[in-house]
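Note that the protein sequences, when read in sequence, are chains A and B.
Here the numbering used here is used: position 421 in the first sequence is 427, and no number is missing along the way.
Here the numbering used here is used: position 233 in the second sequence is 286, and no number is missing along the way.
Data first, discussion second: the structure below is written as structure tokens.
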Amino acid sequence: MTAIAFPAPDAGILARRDAIVAGLAALLPAESLVESSDERRVFETDGLTAYRRQPLAVALPSTTEQAAAVMKYCHDNGVPVVARGAGTSLSGGAIPQEDAVVIGLGKMSRILSIDYANRVARVQAGVTNLAITGAVAADGFFYAPDPSSQLACTIGGNIGMNSGGAHCLKYGVTTNNVLGATVVLNDGTVVEIGGDHLDSEGYDLLGLMHGSEGQLGLITEATVRILRAAEGARPVLFGFDTSEEAGAATAAIIASGIIPVAIEFMDKPAIDICEAYAKAGYPLDVAALLIVEVEGSDEEMDAQLRKIVAIAKQHGVKVVKESQSAMEAALIWKGRKSAFGATGRIADYICMDGTIPTGQLPLVLRRMDEIVKRHGLRVANVFHAGDGNLHPLILYNCNDPVEQAKAEEAGNEILKLCVDVGGCLTGEHGVGIEKRDLMTHQFNKVDLDQQMRARAAFDPGWLLNPAKVFPLEGRVSG
Amino acid sequence: MSSPLIPSSAAEAAAIVIEARAKKTPLAIVGGGSRSAIGRPMQTAADLSSRALSGLTLYEPAEMVIGARAGTPLADVENALAEKGQRLSFEPMDHRPLLGSSGEPTIGAVAAGNVSGPRRLQAGAARDSLIGVKFINGRGEDIKSGGRVMKNVTGLDLVKLSAGAWGTLGFLHEVVFKVLPKPETEATLMLSGLDDSRAVAALSVALGSPFEPTGAAHLPRWIDRVAKTLIRLEGFSDSLRYRAGALRALLAEFGAIDLLDEHTSASLWRQVRDATFLAKPRAQAVWRVSVAPARGPEVVAAIREGRDVRCFYDWGGGLIWVATDAADDAGATAIRKAIARSGSGHATLVRGTPELRASIDVFQPLTPPLAALHRRLKASFDPDGVLNPGKMHAEF
Numbered sequence: 007m008t009a010i011a012f013p014a015p016d017a018g019i020l021a022r023r024d025a026i027v028a029g030l031a032a033l034l035p036a037e038s039l040v041e042s043s044d045e046r047r048v049f050e051t052d053g054l055t056a057y058r059r060q061p062l063a064v065a066l067p068s069t070t071e072q073a074a075a076v077m078k079y080c081h082d083n084g085v086p087v088v089a090r091g092a093g094t095s096l097s098g099g100a101i102p103q104e105d106a107v108v109i110g111l112g113k114m115s116r117i118l119s120i121d122y123a124n125r126v127a128r129v130q131a132g133v134t135n136l137a138i139t140g141a142v143a144a145d146g147f148f149y150a151p152d153p154s155s156q157l158a159c160t161i162g163g164n165i166g167m168n169s170g171g172a173h174c175l176k177y178g179v180t181t182n183n184v185l186g187a188t189v190v191l192n193d194g195t196v197v198e199i200g201g202d203h204l205d206s207e208g209y210d211l212l213g214l215m216h217g218s219e220g221q222l223g224l225i226t227e228a229t230v231r232i233l234r235a236a237e238g239a240r241p242v243l244f245g246f247d248t249s250e251e252a253g254a255a256t257a258a259i260i261a262s263g264i265i266p267v268a269i270e271f272m273d274k275p276a277i278d279i280c281e282a283y284a285k286a287g288y289p290l291d292v293a294a295l296l297i298v299e300v301e302g303s304d305e306e307m308d309a310q311l312r313k314i315v316a317i318a319k320q321h322g323v324k325v326v327k328e329s330q331s332a333m334e335a336a337l338i339w340k341g342r343k344s345a346f347g348a349t350g351r352i353a354d355y356i357c358m359d360g361t362i363p364t365g366q367l368p369l370v371l372r373r374m375d376e377i378v379k380r381h382g383l384r385v386a387n388v389f390h391a392g393d394g395n396l397h398p399l400i401l402y403n404c405n406d407p408v409e410q411a412k413a414e415e416a417g418n419e420i421l422k423l424c425v426d427v428g429g430c431l432t433g434e435h436g437v438g439i440e441k442r443d444l445m446t447h448q449f450n451k452v453d454l455d456q457q458m459r460a461r462a463a464f465d466p467g468w469l470l471n472p473a474k475v476f477p478l479e480g481r482v483s484g
Numbered sequence: 054m055s056s057p058l059i060p061s062s063a064a065e066a067a068a069i070v071i072e073a074r075a076k077k078t079p080l081a082i083v084g085g086g087s088r089s090a091i092g093r094p095m096q097t098a099a100d101l102s103s104r105a106l107s108g109l110t111l112y113e114p115a116e117m118v119i120g121a122r123a124g125t126p127l128a129d130v131e132n133a134l135a136e137k138g139q140r141l142s143f144e145p146m147d148h149r150p151l152l153g154s155s156g157e158p159t160i161g162a163v164a165a166g167n168v169s170g171p172r173r174l175q176a177g178a179a180r181d182s183l184i185g186v187k188f189i190n191g192r193g194e195d196i197k198s199g200g201r202v203m204k205n206v207t208g209l210d211l212v213k214l215s216a217g218a219w220g221t222l223g224f225l226h227e228v229v230f231k232v233l234p235k236p237e238t239e240a241t242l243m244l245s246g247l248d249d250s251r252a253v254a255a256l257s258v259a260l261g262s263p264f265e266p267t268g269a270a271h272l273p274r275w276i277d278r279v280a281k282t283l284i285r286l287e288g289f290s291d292s293l294r295y296r297a298g299a300l301r302a303l304l305a306e307f308g309a310i311d312l313l314d315e316h317t318s319a320s321l322w323r324q325v326r327d328a329t330f331l332a333k334p335r336a337q338a339v340w341r342v343s344v345a346p347a348r349g350p351e352v353v354a355a356i357r358e359g360r361d362v363r364c365f366y367d368w369g370g371g372l373i374w375v376a377t378d379a380a381d382d383a384g385a386t387a388i389r390k391a392i393a394r395s396g397s398g399h400a401t402l403v404r405g406t407p408e409l410r411a412s413i414d415v416f417q418p419l420t421p422p423l424a425a426l427h428r429r430l431k432a433s434f435d436p437d438g439v440l441n442p443g444k445m446h447a448e449f
């Protein structure tokens, strides 16, 4: 599949490859430079596997100083740089280009300090999301954003994409949970932004770094907030005959003043796929399913769930499954959490990511179904109902190029639909290359030009992850 | 100075900025005027007022989102939310008591100043709730960023950049915030007689507990004879009773604990939010110091080595309000030296005479590479320095 264009590699850079590799070799220990074609192949794609490009070389620094030396070298020699965490991006944010050096943060995976008095942890950017929680869980703390890929994905990548997860409704996304960062600028200058205090000084550069997809600088360390975990968490499962009822119940729960930690929605195809795989005990005779999770002491959870169940009953709930034990709670989540894997068993799929005003859900589900049917495909929907983040899984056969093109086309139409009903192209996966060419649907020229001018304040030469986010045509540099 | 320019549409505002840019007549952005005395005095030709850009543009209680034109009085936004049992979770400070100013605070200024209150430590700052902005940049272009959904960022997050830029990057004309339900009730646990270090240690225990305090402040004894250490809880009344009991047990080693009722709690936290304890004497300079919470007391001790100051703590010790004698640099050097010695943090002069604000760094000075980035960012929004030039930093 080649629907998404990459810029033509710079022949001059390709011709200088040997010199560039030698230049990098002088800056890095031998084990930190990947240059053989076989080994470089590991880095040629990410979670968007339909696209791949083999990079010029891969640098794997183990210190900020090494990373800064590589950045400076690439800046001085006009070589593009693509930052990479674990390579789990679903939008192609970490896919290289032939004339670029990949800087992988895999060797910078240490937790540097944990400070319970100030409720922060200082970590290297290549640490995995789950490792942070793992390091503080024994003391009752956790790091809040929990993207599905949290076992593998890194905090650097989370910042680059402003990742979310199922529990953002209460705890926010990455940008709300990071207080400071060490950033290597395009020319190798190292700056500290923020710190372990709550609000950073000057312009909110930290906010700007979140979701910037490696285009403003390279993050090598971060100070993240860690929070004390609630005493307990418990989900309840609801089955509804229509998605309208599920949507109305969600709105009513929020209107009642309860903020659950998560409200997850699944449609009929997603229920069927997940139940066949996980045997979670999901009802198969309903059209929509909600998983609502609350936190607190047993008494607090009982009280909240009583209110939530009463609201669901006012909205025609057909099936109510309350978890009586930790095992039952885990089972309720098991179905939802296996959605991507379970779908992968029955077909190839594109996992889309867009956001809509939650009130538009029934309309969007109907229109999405029409779009996908028109392309002769199927779609299964999982949805963070509390915050409006949709994840339609478009099923197709990746060995059939025609079907693959149709799946991409259907995906693009769905994302445009998200924008048209008042939402946006992304939720938590970023723009990458996947949605780059749709940016003009959400933004007009002056909006995009302003973003690109702000970008140019950091990287006027467009060397940092240049193939991503902004359409290749009409770029501005200041 | 000529009379203020009062556009009644985004298009009119854009035309004003384009003309000002062409004539090289910089503009001072004003909302309700209650915060105009924050920042460096500026050399501008006219005021650009958001006064006529007023009214809600969007309110969907079920989606927990509200939008308003920038000049909308904050009170109108809060009243509309209260009718539906909701609120702005970041508890924006009212600067009028501290600054002795008048005027009606606007929602646009809350966004532009990233104006937050005690709940910031649990619910985030204004910048965390702000999900969409529309603004006129220094080229006179009408720019939008973010939108009306919670996961709002596609491309670069110019929303966050707008929050706390004090109008130096653009004239905000519309803002969208996410909101939260207003809890059923609140109460405050109060410890008495603790010194600063013990108080912050107690707050740290509470904030490291699963019982979700939404406020954590320490009022030293100069304020009301006996030092008071405050921990606010909010929620449903049965849950609140449970958490208050659990926290009492957890904090037993810090002495007797009083439980302040809803009414007393609310009025006390309003004073903490607005720093009213430092309202008088008006001649004193007032600083807002942000550090890691556990280091608050040592920073205060270091400041006190050189001068007599009055202060109190919010955000579990991480936000220190400091009132100093306005002579010389009003303590700027001593305060910033104390912060630097402790690690990271910053200090902003919130109250001072125009002469003082012109003579010292009102906002934390930036390191050279960060200052260079700020200059380039400012130029990327406002190449000719038309909007609030010099308000935050002298050189841009």
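Ideal Cβ placement from N, Cα and C applies to all residues, glycine included.
Residue(s) in a DSSP beta bridge with residue i
i: B:Pro126; result: B:Thr159
i: A:Thr188; result: A:Glu198, A:Glu227
i: A:Ala268; result: A:Glu299
i: B:Glu239; result: B:Glu287
i: B:Leu223; result: First, the residue type needs correcting, since residue 223 of chain B is Gly and not Leu in the sequence shown. Per DSSP, none; premise fails for B:Gly223.
i: B:Trp450; result: The displayed coordinates of chain B run from 54 to 449. Any statement about residue 450 of chain B would go beyond what the structure contains.
i: B:Thr207; result: DSSP lists no partner for B:Thr207.
Contact belief for residue i with residue j at Cβ below 8 Å, rounded distance in angstroms
i: B:Leu247; j: B:Phe330; result: With 8 Å as the limit, B:Leu247 and B:Phe330 do not qualify as a contact, their Cβ atoms being about 17 Å apart.
i: A:Gly436; j: A:Gly99; result: 5 Å
i: A:Leu311; j: A:Ile362; result: About 27 Å separates the two Cβ atoms, so there is no contact after all.
i: B:Val403; j: B:Ile91; result: 6 Å
i: A:Thr70; j: A:Glu227; result: 7 Å
Contacts around residue i, its chain only, beta-carbon distance under 6 Å, and the 5 residues preceding and following it disregarded
i: B:Gly288; result: Pro236
i: B:Gly156; result: Gly85, Gly86, Ser87
i: B:Asp311; result: Met243
i: A:Val242; result: Val298, Leu311, Glu328
Same chain, Cβ closer than 8 Å to residue i, neighbours up to 5 away in sequence not counted
i: A:Lys412; result: His381, Gly382, Leu383, Tyr402
i: A:Leu369; result: Val427
Outcome for residue i when other beta-carbon atoms lying within 10 angstroms are tallied against a minimum of 16
i: B:Met117; result: buried
i: A:Met333; result: exposed
i: A:Asn405; result: exposed
i: B:Leu372; result: buried
i: A:Pro102; result: buried
i: B:Thr386; result: exposed
i: B:Thr159; result: buried
i: B:Ala252; result: buried
i: B:Leu211; result: buried
Helix, strand or coil at residue i according to DSSP, with G and I counted as helix
i: A:Glu328; result: strand
i: B:Ser395; result: helix
i: A:Asp503; result: Nothing can be reported for residue 503 of chain A, as the shown portion of chain A is limited to 7 through 484.
i: B:Leu313; result: strand
i: A:Met7; result: Confidence at A:Met7 is low in this model, with a pLDDT of 42, below 50, so the placement of that residue should be treated as unreliable; the coordinate-derived value is given next. Three-state DSSP puts A:Met7 in coil, outside helix and strand.
i: B:Ala379; result: coil
i: B:Val339; result: strand
i: A:Pro35; result: coil
i: B:Met95; result: coil
i: B:Thr401; result: strand
i: A:Thr180; result: helix
i: B:His427; result: helix
i: B:Ile119; result: strand
Proximal residues to residue i (C-beta, below 7 Å), its chain only, five neighbours per side dropped
i: B:Ile71; result: Gly193
i: A:Glu281; result: Tyr288, Leu290, Gly341
i: A:Ala276; result: Ala345, Ala386, Asn387, Val388
C-beta neighbour in chain D for residue i, strict 8 Å
i: A:Cys357; result: Looking for chain D here will not work: the only protein chains present are A and B.
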